[in-house]
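Taking it in order: structure first as structure tokens, then the write-up.
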Amino acid sequence: MGLAHLQYLAKIQRADGSLGTYYDSDDVQGKVLRWEGSGGLIWIPFLLLAARRWAESEWMDRAIAAGRYYEPSVRAGYLFGAPEDVDMSPTSEDGYNAIIAYVHLYEEQCGQEESWLDLAKLSANWTMTFRFVENLRFSPETLLGAYDFRTRGADLASPANNHLHSYGLIALPEMLRLAEYANDDYYRQRTQDNLACFLQLIARRDGDFNAQRGMVSERYYQTDWAQAKGKLLGLSHAWCIGLLLYACEHLLDQGIELVAQDGLLASNRA
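So the sequence shown is numbered by the numbering used here: it starts at 8 and just counts up by one.
Right, here's the structure in full:
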């Protein structure tokens with residue numbers, strides 16, 4: 008993010024703190040096309056980063072104003088608008104944005120404003136409603152059945168996109184820090200499940216589940232939607248692989264060791 012992005016945010020942010028949800032990329036002024044929704048939450052950590060990097064209080068003030076604007080939506084459990092392909096429906100991605108935003112706000116104002124921690128917890132609790140806590144059964148003739156894929160820890164993308172995805176790994180660092188701040192091991196366990204789930208199907212060699220070595224699918228079909236239950240989307244996105252690397256590198260950087268335990272992964276600080 009550069010100075011031009013910050014200047015744009017300063018120009019479009021409303022007096023009540025809203026940062027908008029959709030913008031007109033063809034308009035030289037960057038007109039806000041839609042204000043409804045909570046998609047603007049993801050700007051908050053970037054504003055906080057700018058405040059630290061340039062030591063300018065304006066960006067901190069704008070981040071706090073945005074956090075306050077979206078607070079009623081978090082408390083009401085009414086988050087929507089993050090991904091452009093679902094328009095204004097609630098998605099798991101809305102939850103990830105909220106977790107990241109409020110954990111960073113809490114860290115910036117720790118000891119000054121404790122409500123940010125409460126909002127981070129509420130955001131995580133809302134997001135966990137998308138996360139599977141059980142393992143579904145798949146026919147052994149399907150790909151997911153043949154590989155004994157475990158759905159525990161996977162997230163439903165959204166009611167509109169009824170498949171499982173790994174995008175929740177984008178909030179893995181914040182979820183682990185939230186577990187410490189809240190002194191609640193539930194958040195760590197659910198985050199551990201999330202990573203364990205998506206380490207299951209990384210192509211080990213060319214031809215492994217009909218993929219090329221290193222490929223990771225974007226969609227896992229846990230029900231008959233768009234594709235048959237038990238299928239794996241035959242498409243590997245860079246973001247799927249990138250988020251797995253991001254999550255694993257974070258654990259390595261923080262000295263968190265992963266060990267096998269009862270077929271799952273357990274995390275212990277080194």
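Glycine residues also receive a C-beta, built at the ideal position from the N, C-alpha and C atoms.
Status (buried if at least 16 other CB within 10 Å, exposed otherwise) for Gln261 = exposed
Which listed residue (Ala105, Phe216, Arg195 and Gln219) has its alpha carbon closest to that of Pro52 = Ala105
Tell me whether Gly270 is buried or exposed, calling it buried when 16 or more other Cβ atoms sit within 10 Å of its Cβ.
-> In this prediction, Gly270 has a pLDDT of 48, which is less than 50 and means its spatial position is unreliable; nothing more can be read from the coordinates.
Could you tell me the boundaries of the beta strand (DSSP E) in which Arg1 lies?
-> Outside the shown range of the chain (8 to 277) lies residue 1, about which nothing can therefore be said.
Beta-carbon spacing of Gly76, Leu143 below 9 Å = It is worth fixing the name first, because residue 76 is Tyr in this sequence and not Gly. No. Outside cutoff.
Three-state secondary structure assigned by DSSP to His12 | helix
Apart from the five residues just before and just after Ala178, which ones in its own chain have a Cβ nearer than 6 Å to its Cβ?
-> Tyr103, Ile106 and Ile107
Trp42 and Arg21 closer than 9 Å at C-beta = yes
Kindly indicate which residue of Ile19, Leu48, Ser45 and Ala189 has the alpha-carbon position closest to the one of Tyr35.
-> Note that residue 35 is Val in the sequence shown, not Tyr. Nearest C-alpha to Val35: Ile19.
Pair within 9 Å by beta-carbon distance, Thr172 and Arg226 = A small fix is needed here, since residue 172 is His in this sequence, not Thr. Yes; because the gap between Cβ atoms is below 9 Å, this pair is in contact.
For Ala83, does the count of other Cβ atoms within 10 angstroms reach 16, so buried, or fall short, so exposed?
-> exposed
Curious, which full-length alpha helix (DSSP H) runs of at least 4 residues does the region 101-142 contain?
-> 122-134
Return the CA-CA distance between Leu202 and Pro180, expressed in angstroms with no decimal places.
-> 11 Å
The region 124-133 / the region 204-220 touching (three or more Cβ pairs under 8 Å) = no
Candidates Val39, Ala89, Thr149 and Leu242: closest to Arg220 by CA position = Leu242
Presumed contact (8 Å Cβ cut-off) between Ser165 and Val93, rounded CB distance = 5 Å
Integer Cβ distance of Gly24 from Ala72, believed to fall under 8 Å | 4 Å
Where does Ser243 fall in DSSP's three states?
-> strand
Should Val140 go down as buried or exposed, given a rule of 16 or more other Cβ atoms within 10 Å for buried?
-> exposed
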